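Numbering (the working numbering), first residue to last: 3 to 90.
Next up, the structure:
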């Protein structure tokens, strides 16, 4: 089981999707580097209409460390590829 999983639409692979010029592989690599052990697993979904990623599920979250992880993301150059307000 992957610790960080990005769900894409059926029939699409990671090489086909660019979000604000960043590939899914590049974004995933950044998330793995930013991982500070503050969660067991997260699932991120791709919204094709908005061309953004959003956090769909988080398991085993540890606070306040998870907040530090989210801050790393929101202060990075990858912040623009995420919707932090979208809820399932």
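Heads up, the beta-carbon is just placed ideally off N, CA and C, and yes, glycines get one too. Treat the numbers as computed from the prediction; the structure is a model and nothing was measured.
Count the other C-beta atoms from every protein chain shown that fall within 10 angstroms of the C-beta of residue i, then say buried if there are 16 or more, exposed otherwise.
i          : result
residue 12 : exposed
residue 64 : exposed
residue 86 : exposed
residue 20 : exposed
With DSSP collapsed to three states, give me the class of residue i.
i          : result
residue 19 : coil
residue 31 : helix
residue 59 : strand
residue 48 : strand
residue 5  : coil
So, at 6 Å on beta carbons, what are the nonlocal neighbours of residue i in its own chain, with the 5 sequence-adjacent residues on each side left out?
i          : result
residue 43 : 5, 61
Nearest-angstrom Cα distance between residue i and residue j?
i          : j          : result
residue 41 : residue 8  : 15 Å
residue 59 : residue 84 : 14 Å
Which residues in the same chain as residue i place their Cβ atom closer than 8 Å to its Cβ, once the five residues preceding and following it in sequence are excluded?
i          : result
residue 70 : 38, 40
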